[in-house]
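Everything below concerns the one structure shown next.
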Amino acid sequence: MAKENYMINRKKRILFYLLMVIILCWFVALQLFGTNEREIQVIEGNILYQGTFIWEKPDGSSETIEVPGRYELPAKETMVLVTQLPDDYDEKSLAIRSSLQEVRFYIDGVLRTEYDTSDTRLAGKNSASRYVFCPTTEADAGKEVRIELKTNTAKYSGVVNAVYCGDKAEIWEYIFAEHGLETISAFFILFAGIVIVIFSIALGVVYRTKFDMEYLGWCMIMAAAWMLGESKLRQILVPNATALATLCFVMIMLAPLPIIYYMDSIQSGRHRKLFRIAEAASVINFAICTILHLSGAVDYIETLPVAHVILVVTLLLILVTVFYDMYHGYITQNRYMVVGLITAIIFVVVESISTYFVISISGIFMGIGMNVLLFVSLVRTIRNVQKMESRRQKQEMKKRRKQMEIMSLQMMQTLSTTIEAKDEYARGHSHRVAEYAVLIAKELGWSQKDISNLRNAAHLHDIGKIGIPDTILNKPTKLTEEEYAVIKEHTVIGAEILKNIRLIDHVTEVARSHHERYDGTGYPDGLKGEKIPIHARIIAVADSYDAMQSRRIYRNPLGTEVIYNEILNNRGTQFDPEIADVFLKLLDENRLEINEDYNEIVDKYALPAVEIEIEKFISSVMTTMRTQEDSEGFDFLTGLPMRNRGEKLAAEFMQQDNGYLVFLDMDNLKKINDIYGHKAGDRALKLLGSLLLEYAQHSVVCRLGGDEFLMFVPNVSKENISEIVSGILQKFEERKAEDVEIRHASVSAGICETAKGASFEECYTKADKELYYVKQNGKGDFFFYQQMEQEKNTDHGTGKDLAMIAKTLRESGNYTGALDLDYREFAKIYEYMNHLGERYRYRCYLVMVTMDTTPDYVMYIENIERALESMEQAIRQKIRKVDVCTRYSSMQYLIILFEADETKIPKVMDRIFMQYYKQYDKRNFIPKYEYIPIMDDSKDMPLNEVPK
């Protein structure tokens, strides 16, 4: 039925086209042989001037001549034509076509019209050809008309074109009727050329190749420019007909270029060296002729023969190469293209030669040739596009088949990479184990298919690790028994994930049993001897070897001799003796070289993917991954590694090198978040992160979470680490000044010196403790743990500091402390109260409250902020309205008690501390206070310290 419908549609299509052809033939026949119905109110005889013309020669003689005609006259001589208008003359204008001539009309001895571009053209010796109109009236009847013609070119000297008389519109209508077809054809070719160029470029973008039709389009554009330049209507097409006429000659000189490019593309560059000669000749000729034209020495029209010779030679060269290609069998298809090309070349040659036999030429032959070539080129291009599309579809089908063939291996590679991304020390482990297992299997004489299956199974032997928490996989310290028990579960988890896979034989038993021992003491099932699947026994040896020769966080790679002895000593206990012997032989003979690039391995026995099994597999993997409690990666805000990755790397580096572990904390982040919002806090964190990256390029840096950061710098001196940390703190202070919303932020750091192989946990605790010490004694600084240990018995009392603060407050109200504006206002109030005390003998006291921790207690930032907030609220609730308070540093507050009884100060502070303990129920902070009277002479100021 479908075939029958197709045949009916085809018949209708043929009938439709036949009908259209009949209608077209009818229309053309009427135009050629039917009645001329143009609404021209005058006959041709009235359009052409019928009067007699007399040629007045320079020697004084005269001659009656026929117009139009051509007569012998040297260049640059003026030809004078005289005629007597009839007595009944009543036309509105006279007109004559200038052929590169200057034209002047005199009526009754008076200059009526002049055409001369010598003062307006940019270059050249001659005025461009055009129609020159001279207005006339009935009053001119019987008068003498004098026409002067002058040219600088011998080709057009003595040329007299037809003289027209009548209405200007009627004359143009007559000219259009005679020559309009060529102009219309030129516009069609121009439009077609532009469309072809754009279409070819678009095709090139889509198919990522170059189409030769693009150069054909440029050939057509140049041909159209030539035709428009030669058009009798050009002076009404553009404002500056001289430029269009000049463009005509330029196109002839440059025409060989797109023709050469077009043919070179068609012929696939076989004759490129030959074509380059013609290309160079065309460019050199254009350059020389342009220089001569611009200098006024020789016009383009006079050098045109050279351009014609180059064009003809180029076309003949093309014909020779085409016949050469046909003879040698290069052109086996699209022979009609050769026919169209030869036809176009013939028409172009005719166009070029005809310029030497007629006064003017319209370019119609060139237009016909271009249309013929356009048709055959379109057919060729369409066929090429069809072939390209067919090739593209075949390639796409081939590509899809290839993708289906390697989908299993791609899936394995992805999953293997996912697993190993959880454990950086195992990166590439599955692939290496697979390749070592392949070497063993080859030595055992396995078939290629079995070897391929073993390789695929080995890539998934550790898939169960995807269900092990990262905190255990990446733990930088020794695993506990409970954690080791969790690690061993990866065999059971892997078998559970792979239980529905049928793509790879033995994959489930490999995942479950590759940690079984030959003596039966392995896990998870305690299998013994040959009850352990052979695939699992092979992978057990390969797995152990790769583990021993790879670096771990707690040790460097083991030497070859150590590994050899380890495998030898464990043959028959941990490893299958036969497999162990084979592996030791490979190790002895140095044959364990493998390709470590998984992507380069091509396995012709790769199994096709089965969609339903892949869906089950991926579903199981995703379900297992969702059960993980933790994930690793990078902090998107600061660009630093997150805690898991950073601590792991730091612990690894500490096993290899001496260095310094730095614990950093951003002060007042909570205050910034509360006042200006979390975006401001994020900017502060981002700033610190960028500084850590900048100053610790060869170090381990990570964000622990919140406002805490960790850095390990290996192989530096104490002076170097001091410079690095102080540089970070200083840069932070400088850059935060550019952002008013983060001006309260500062950075504190605790530093612990570490020796090679030191315990990460112990050093981490020391650095954290030192950070807390810094925060207790003023933020925005750093301190070494070892220095604190040396000075732990030193009195860190703040009495001296309080005296200095009091002195500073009295001397200046512009002290820039940790709290900026709040502190400044406090300084002003302090100074005011100082003056009151001097004048009225008021007794005022300055009290400093310091928050201290219990001995050997390591605090977290969240607890610090909570305790400080509770203390601040307690102070504000329990002091009098006339008293003033402010936060002085991260762990200290200042209070001014106005006109207070010194004996009652302890009771006031007791009330504050009792309120504090109500709001903060923990006892890990011990608040204490000290006070001094506000008086002029700070030297005599008594100090009273009261711990609580």
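Going by this note's numbering, the first residue of the sequence shown is number 2, and it counts up by one from there. Glycine is no exception: its CB is placed at the ideal position from the N, C-alpha and C atoms.
* **Residue nearest to Phe654 in terms of C-alpha spacing, selected from Phe212, Lys757, Ile725, Asn591** => Of the residues Phe212, Lys757, Ile725, Asn591, the one whose Cα lies closest to the Cα of Phe654 is Lys757.
* Identify every residue that forms a DSSP beta bridge with Arg131. => Within the DSSP bridge table, the entry for Arg131 names Ser99 as partners.
* Excluding the 5 residues preceding and the 5 following Val508 in the sequence, name in chain order all residues of the same chain whose CB lies nearer than 8 Å to its CB. => Closer than 8 Å at Cβ, skipping near neighbours: Asn457, Ala458, Leu461, Leu499, Ile502.
* Asked: Looking at C-beta atoms only, is the number of pairs between the region 211-225 and the region 181-190 that lie closer than 8 Å three or more?
  -> These segments touch.
* Could you tell me how far apart the beta carbons of Trp56 and Leu82 are, in whole angstroms, since I believe they sit closer than 8 Å? => Between Leu82 and Trp56 the Cβ distance is about 6 Å, and since that is below 8 Å, they are a contact.
* Three-state secondary structure (DSSP) of Lys58 -> Coil at Lys58, not helix or strand.
* To do: Would you give the residue range spanned by the beta strand (DSSP E) that Gly660 belongs to?
  => Per DSSP, Gly660 belongs to the beta strand (DSSP E) from 660-668.
* Rounded to whole angstroms, how far is the Cβ of Pro59 from the Cβ of Glu73, which I believe are closer than 8 Å? -> With 8 Å as the limit, Pro59 and Glu73 do not qualify as a contact, their Cβ atoms being about 12 Å apart.
* Asked: Between which two residues does the beta strand (DSSP E) carrying Thr114 extend?
  -> Element bounds for Thr114: 111-116.
* Distance, Cα to Cα, Ser63 vs Leu182? -> Taking the straight line from one Cα to the other gives about 39 Å.
* Asked: Considering only residues of the same chain and omitting the five flanking positions on each side of Gln51, which have a CB-CB separation below 6 Å?
  -> Answer for Gln51: no residue qualifies.
* Asked: Does the distance from the CB of Lys126 to the CB of Gly230 come in under 8 Å?
  -> Not in contact: Lys126 and Gly230 (Cβ atoms no closer than 8 Å).
* DSSP three-state assignment for Asp769, whether helix, strand or coil -> Note: Asp769 maps to helix in three-state DSSP.
* Cβ-Cβ separation, Ser749 to Lys776 (assumed contact under 8 Å), whole Å -> Lys776 to Ser749, Cβ: 5 Å. Contact.
* Per the contact definition of three or more C-beta pairs closer than 8 Å, is the region 139-154 in contact with the region 97-107? -> As far as the Cβ criterion goes, the region 97-107 touches the region 139-154, which means the pair count is three or higher.
* Asked: Between the C-alpha atoms of Val160 and His294, what's the straight-line distance to the nearest angstrom?
  -> If you take the alpha carbons of Val160 and His294, they lie about 23 Å apart.
* Would you kindly work out how many angstroms separate the C-alpha atoms of Phe785 and Val726, rounded to a whole number? => Their backbone Cα atoms lie some 11 Å apart in a straight line.
* Exposed or buried, Glu67, counting other C-beta atoms within 10 Å across all chains shown (16 or more means buried)? -> So Glu67 counts as exposed.
* Identified DSSP bridge partners for Val198 -> Looking at the DSSP assignment, Val198 forms no beta bridge with any residue, so it has no partner.
* Got a sec: does the ligand HEM put a non-hydrogen atom nearer than 7 Å to the Cβ of Ala537? -> Here there are no bound small molecules, and the ligand HEM is not part of this structure.
* Apart from the five residues on each side of it in sequence, which residues of its chain come closer than 8 Å, Cβ to Cβ, to Pro534? -> If you ignore the 5 residues before and after Pro534, its C-beta comes within less than 8 Å of the C-beta of His507, Glu510, Val511, Ser514, all in its own chain and listed in chain order.
* **Those residues which DSSP pairs with Pro715 across a bridge** => Answer by DSSP bridge pairing, in chain order: Gly660.
* **Beta-carbon gap between Phe584 and Ile441 smaller than 8 Å** => Going by beta carbons, Phe584 and Ile441 fall inside the 8 Å limit.
* Span separating the alpha-carbon of Glu590 from that of Gly647 -> Rounded to the nearest whole angstrom, the CA to CA distance from Glu590 to Gly647 is 40 Å.
* Buried or exposed: Leu480, going by 16 or more other Cβ atoms within 10 Å of its Cβ? -> That one is exposed.
* Separation of Ser266 from Ile199, as counted between CA atoms -> Inter-residue distance for Ile199 and Ser266 is about 17 Å (C-alpha atoms, whole angstroms).
* Asked: Comparing alpha-carbon positions, which option in Phe783, Ala685, Gly706 lies nearest Asp740?
  -> Nearest C-alpha to Asp740 among Phe783, Ala685, Gly706: Ala685.
* **Same chain, Cβ closer than 8 Å to Glu771, neighbours up to 5 away in sequence not counted** => Closer than 8 Å at Cβ, skipping near neighbours: Phe664, Gly751, Ile752, Cys753, Phe784, Phe785, Tyr786, Met789.
* **Residue ranges of each alpha helix (DSSP H) within the region 489-535, 4 or longer** => List check, alpha helix (DSSP H) in window: 491-499, 508-514.
* Cβ-based neighbour list, Gln42, same chain, cut-off 6 Å, excluding 5 preceding and 5 following -> Residue placement at Gln42 is poorly supported in this model, since its pLDDT is 43, which falls under 50; the coordinates still yield a value, given next. No residues qualify anywhere along the chain.
* Is DSSP giving Val883 helix, strand or coil here? -> Val883 falls in the coil class under three-state DSSP.
* **the region 635-644 touching the region 731-740, judged by at least three CB pairs closer than 8 Å** => These segments do not touch.
* To do: Just the C-alpha distance for Met228 and Val373, rounded to the nearest angstrom, thanks.
  => Near 16 Å, if we compare the C-alpha coordinates of Val373 and Met228.
* How would you label Lys12, buried or exposed, when you count the other beta carbons within 10 angstroms and need 16 or more for buried? -> When all chains shown are included, Lys12 counts as exposed.
* To do: Could you give the DSSP three-state label for Pro136: helix, strand or coil?
  => The answer is strand: DSSP assigns Pro136 an E or B state.
* If you check the beta carbons only, do Pro257 and Thr315 fall under 8 Å apart? -> For Pro257 and Thr315, yes; Cβs fall inside 8 Å.
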